[in-house]
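Colleague: Heads up: the protein sequence lines correspond to chains U and S, in order.
Residue numbers are given in our numbering: position 28 of the first sequence equals residue 28, and the series is strictly consecutive.
Offset between the second sequence (1-based) and our numbering: plus 237.
Got a structure here, written out as structure tokens. Questions coming.
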Amino acid sequence: MIHLIMNGLEVQAEEGWTLLDTARFYGLEIPTLCYHDGLSIFGGCRLCLVEIGEGPKAKLVTSCTYPAEQGLVVHTDTKRVLAARRMMIELMLSVAPNSKKIQDLASKFGVSQVRFKVRNEECILCGLCVRMCAEQMDGRAIGFQNRGYRRKISTPFDVRSEECRLCGGCMYICPACQLRCQGPEAETAVCNACLTLEPTCVDYYNELQCWMYDAGRCGTCVREAPEKKDSLGSSKP
Amino acid sequence: MSPRKRAKKIASISDLQTLIAQQKGRRQMETRTVIAVSSGTCGQARGSLRLIEAFKKGLRQDGLQEKVTLKATGCHGFCEAEPNVIIYPQGIFYQKLEPKHVPAILSRTVLNGEIIPEFLYVDPVTGEKPVKEEEIPFYKKQLRLVLGANPLLDPTSLDDYFSIGGYESLLRVLSSLTPEEVIENIIKSGLRGRGGAGFPTGKKWEFARKQKSDWKYIICNADEGDPGAYMDRSLLEGNPHRVIEGMIIGAYAIGAREGYVYVRDEYPLAVAHVTQAINQAREVGLLGENILGTNFSFDLHIAKGAGAFVCGEETALIASIEGRVGEPRQRPPFPAVSGLWGKPTVINNVETWGNVPLIIEKGADWFASIGTNGSKGTKIFSLVGKINNTGLVEVPMGITLREIIFDIGGGIPAGRKFKAVQTGGPSGGCLPEKLIDLPIDYESLTQAGSIMGSGGMIVMDDRTCMVDVARYFLNFLRDESCGKCISCREGTQRLWELVTDITEGKGTMEQLAVLEELAVAVKEASLCGLGQTAPNPVLSTLRYFRDEYEAHIKDKRCPAGVCKALIHYSIIASKCTGCLACLRVCPQGAITGELKKVHVLDESKCIKCGACFEACQFNAILIE
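Here you go:
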């Protein structure tokens, strides 16, 4: 058994678990998008970022790829994590504003504006379809092409692949092209209609404190702690 | 290559000892004049091959073949003076030669020992003409421990390498040191990775040594992708056996059986020289089964990269060798635990491997005595940009930027003012003039918001717009990002869009805030070193040159006169002499006028190419 500390709790992980596995086992919610139980791990959407380590060496890593290590100190919802996560959602929203999944994430994490020029590409290159096709359907009909900003998903040489059996697995798993969000205005690209949650305690603790994972809506913790706290949970002198 | 006799295998350690002693003796007894022509890729680009042909012809005509050895060596480092030759034993340094100069050199210098002043380097400050290489200011402050052997060697000759004591370190390692002792030596020397991150090399080796595995690998990372950086190329071209020797020692220390040199295909000469060197080493038994009759076996292969910048990142490099798409993966597990094909793998940069024989030869304490507290030894920088003496400089750690730029580099050309220096390649940062006395080591550069990187050093003068510089590097990075993670792929794209808007005068102060916020997020959230350092050009220019960003946004003005959307060309009537020079070069026909009458520039036709500015002798073209 590996012992580590997650959000101040002493937790145990089994050999081979990732930080995401561990958090989920203990009911700590970490958002994911390119992660899927039935597929290999990718680490591309950067939503499941958590903060590991302490002091100046603390850094952000994706919990889906990082193995549980003995004695590791992990925080799943610090200000730093949330800021990065919000930016990732904003970036995704700016290329695929019609995805309900991404719009819901935006609502949940309080992303209320997109400050980049919106491109309706409807693909965030999370690679779920590529892995679905290869790993579950044994098809390998689609893959990534090019790199950098020219990267896209397609069949070899952009022609219909003989390997494709039109099973639809790629569409089934896609977070962007199936469930459509009917809400957003073209100008703002943010819907914020279905799920509006405002974590009230982050301003006070620098970190989401809600063990019920109610995103801090109830405000109880804030009422009990009127004084703003500076670093992770510790009171400012 | 002409067919030649197969080299004899060196059967034992003592045989190698004898062979090295023989070759060293040969060099000492050498009475012939040696003409060493700098003929790396850089030299060849400036015509060194034609020069060599001319020398060959001249030697034949004058019947000097028996008296003179002509050597096409690797790069001598002083790119500004290419093609150059050094004539030994005197060590006379002639620069910027052309084939027509050859007869004079042969008849006057080689035969009569006369020095020809026209071919010597002229110090632009003092006007002096130093004769020898080491007297030239460019070389004076350098400490060429790794590159220094380049002018002495024909890189295609194994005997030449033996003759300067090559493979003596390997000899010492195999005859008297255990793998643990080798690692101890490297740890004690304080050698840190020269590829960028600066991880202690010995620690990495120790880590890999401790892994229990039936097979281990070592890799030489020669995927040098930074624009304007070519240290690794020069070392591989000029002294490939030194890198191979370092790798054999490393393999012995770690217990690796197989190794790869991952070199980009855009370096044909380096690929050719390393391939040849590996074949030579294998032929004489320095690579292969039971090296020198010991029970240590190790072999090397070449893996050619296709030029993706991201493949310099170690996990992407491994993926590329394995035949997969060059994309990084999250560490841990580190390659030292699970690397190439899942086996423990040590990856070091060319320059790091090149330092290994040196540490064994001269001792860890000696190596540790050079440099600063945390950074030991020397570092090779490629000094390029707006600088008088372009070239490769090897300097001890802890030297200041001022010494590199002004003492070695000879300052800024055309009397312009130094503005900034960009270190560490596209993902490094720009350091301003106020940091010119910064001693250079891994820590100080990181603290200043830049990185050591692999050693690129781009000097900029006061006609460089820092916002434009950030835009340039972001454009490179958005193209070279592998695109796996959204923070890097979409992040660099959006950073580039924002900065482009600013350079086009469309930026707002709100956008500047977004730029900063996004830059921090990309740095924090990205998977590999490329993404984590990609915002450095933005962050460092924002840190030191925020006023320039604000001038672009608030005043719609480019202070350096670079960003085309924000500048206007006009002719200062009082300075124009009516010489027609600008009128002739303007590709748009935007300038009209007659001889000896003030010319007029039609802004509607002007494409702001700058041709008129370059052509005008009277500073009559105004850019604002």
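Glycine included, C-beta positions come from ideal geometry on N, C-alpha and C.
Predicted model only: the values in this text are computed from it and were never measured.
1) Identify, in the order they occur along the chain, each residue of the same chain with its Cβ nearer than 8 Å to the Cβ of S/L411, setting aside the five sequence neighbours on each side.
2) Kindly indicate the opening and closing residues of the alpha helix (DSSP H) around S/Y489.
3) Going along chain U in order, which residues have a C-beta closer than 8 Å to the C-beta of S/A545?
4) S/D716 touches chain U at which residues, Cβ-Cβ below 9 Å?
5) Examine chain S for any beta-carbon lying closer than 8 Å to the beta-carbon of U/P67, and answer yes or no.
6) Taking the alpha helix (DSSP H) that S/N712 belongs to, which residues open and close that run?
7) Quick check on this structure: which residue in S/V759, S/N458, S/R501 has the alpha carbon closest to the alpha carbon of S/V480?
8) How about S/A857 and S/V822: are their beta carbons less than 8 Å apart?
9) May I ask you to list the residues that DSSP assigns as paired with S/R429?
10) In angstroms, rounded to a whole number, what distance separates the CA positions of S/D839 and S/G830?
11) To test your reading of the DSSP string, which unbroken alpha helix (DSSP H) runs of 4 or more residues are found completely within the stretch 718-769 of chain S?
12) Any contact of the stretch 749-763 of chain S with the stretch 637-649 of chain S, i.e. 3+ C-beta pairs under 8 Å?
13) Inspect the beta-carbon positions of S/I596 and S/S426 and report whether they are closer than 8 Å.
14) Find the residues of chain U that neighbour S/Q730, judging by a C-beta separation of less than 7 Å, and give them in chain order.
15) Residues of chain U with CB closer than 8 Å to the CB of S/Q684, please, in chain order.
16) When the Cα atoms are used, what is the spatial distance from S/F655 to S/S619?
17) Please determine, among S/I539, S/T438, S/P437, the residue with the shortest C-alpha to C-alpha distance to S/Q513.
18) Who are S/L838's beta bridge partners in DSSP?
19) Within 10 Å of its beta-carbon, does S/S664 have 16 or more other beta-carbons around it, so buried, or fewer, so exposed?
20) I need the boundaries of the beta strand (DSSP E) containing S/N586, first residue and last residue.
21) Give the list of continuous beta strand (DSSP E) stretches no shorter than 3 residues that lie fully inside the stretch 615-663 of chain S.
22) May I have the straight-line CA-CA distance separating S/Q254 from S/C548, to the nearest angstrom?
23) To the nearest angstrom, report how far apart S/E747 and S/I739 are at their CA atoms.
24) Which parts of the stretch 306-376 of chain S are runs of the beta strand (DSSP E), unbroken and 3 residues or longer, counting only runs that do not cross its ends?
25) Taking the beta carbon of S/R263 as the centre, do at least 16 other beta carbons fall within 10 Å, making it buried, or is it exposed?
26) Going straight from the alpha carbon of S/K580 to that of S/G492, what length do you get?
27) What are the residues that DSSP puts in a beta bridge with S/Y679?
28) S/L334 to S/N476, Cα distance in whole Å?
29) Could you pull out every residue in the same chain whose Cβ sits closer than 7 Å to the Cβ of S/S777, ignoring the five residues on either side in sequence?
30) Does U/A68 pass the burial test, meaning 16 or more other C-beta atoms within 10 Å, or should it be called exposed?
31) Starting from U/K79, find everything on chain S with Cβ-Cβ shorter than 7 Å and list it in chain order.
32) In terms of alpha-carbon separation, which member of S/Y499, S/E267, S/R283, S/E598 lies closest to S/I423?
33) If the cut is a Cβ gap below 8 Å, which residues of chain U does S/Q567 touch?
34) Here's a check: name, in chain order, each residue in its chain whose Cβ is nearer than 8 Å to the Cβ of U/W17, leaving out the five neighbours to either side.
35) For S/M238, is the classification buried or exposed, using 16 other Cβ atoms within 10 angstroms of its Cβ as the cut-off for buried?
36) Between which two residues does the beta strand (DSSP E) containing S/H789 stretch?
Modeller: Per the coordinate set shown:
1) Annotation for S/L411: I250, Y489, I528, L529, T531, F533 place their beta carbon closer than 8 Å to its own, counting only its chain and skipping 5 residues before and after.
2) That run of the alpha helix (DSSP H) goes 477-491.
3) Correct list: R147.
4) For S/D716, the C-beta contacts it makes with chain U under 9 Å involve R147, G148, Y149, R150, in order along the chain.
5) Interface residue, yes.
6) Residue range 703-717 is occupied by the alpha helix (DSSP H) that includes S/N712.
7) Residue S/N458 is the option with its Cα nearest to S/V480.
8) Between S/A857 and S/V822, the C-beta gap is not smaller than 8 Å, which leaves the two residues out of contact.
9) DSSP lists S/P437 as partners of S/R429.
10) CA-to-CA, the gap between S/D839 and S/G830 works out to about 11 Å.
11) Counting only runs that start and end inside the stretch 718-769 of chain S, the alpha helix (DSSP H) elements of at least 4 residues fall at 723-740, 746-762.
12) Put simply, the stretch 749-763 of chain S does not touch the stretch 637-649 of chain S. Fewer than three CB pairs are less than 8 Å apart.
13) Yes. Within cutoff.
14) Ordered by position in chain U, the residues that pass the 7 Å Cβ test against S/Q730 are Y149.
15) Simply none; closest approach about 12 Å.
16) Approximately 17 Å between the Cα atoms of the pair.
17) When only C-alpha atoms are compared, the closest one is S/I539.
18) In the DSSP assignment, S/L838 forms a beta bridge with S/I828.
19) It counts as buried.
20) From DSSP, the beta strand (DSSP E) with S/N586 extends over 582-586.
21) Look at the stretch 615-663 of chain S and you find these whole runs of beta strand (DSSP E), each 3 residues long or longer: 615-622, 628-633, 655-660.
22) Rounded to whole angstroms, S/Q254 to S/C548 spans 39 Å at the Cα level.
23) Taking the straight line from one Cα to the other gives about 11 Å.
24) List check, beta strand (DSSP E) in window: 322-325, 329-331.
25) Flag for S/R263 reads exposed.
26) About 12 Å.
27) Under DSSP, S/Y679 forms no beta bridge with any residue.
28) Cα to Cα, the separation comes out at about 23 Å.
29) For S/S777, where only same-chain residues beyond five positions count, the Cβ hits under 7 Å are G666, C667, G686, S687.
30) Counting the other CB atoms within 10 Å of its CB gives U/A68 a total of 16 or more, which places it among the buried residues.
31) Residues of chain S whose Cβ lies closer than 7 Å to the Cβ of U/K79 do not exist; the shortest such Cβ separation is about 12 Å.
32) Comparing Cα-Cα distances from S/I423 to each of S/Y499, S/E267, S/R283, S/E598, the minimum goes to S/E598.
33) Under the 8 Å cutoff, chain U gives G43, V61, T62, T65, Y66.
34) Within the same chain, U/W17 has close Cβ partners I2, F25, P67, A68.
35) Residue confidence for S/M238 is low, a pLDDT of 41 falling below 50, so the modelled location carries little weight and cannot support an answer.
36) Element bounds for S/H789: not the beta strand (DSSP E) but the alpha helix (DSSP H), 783-791.
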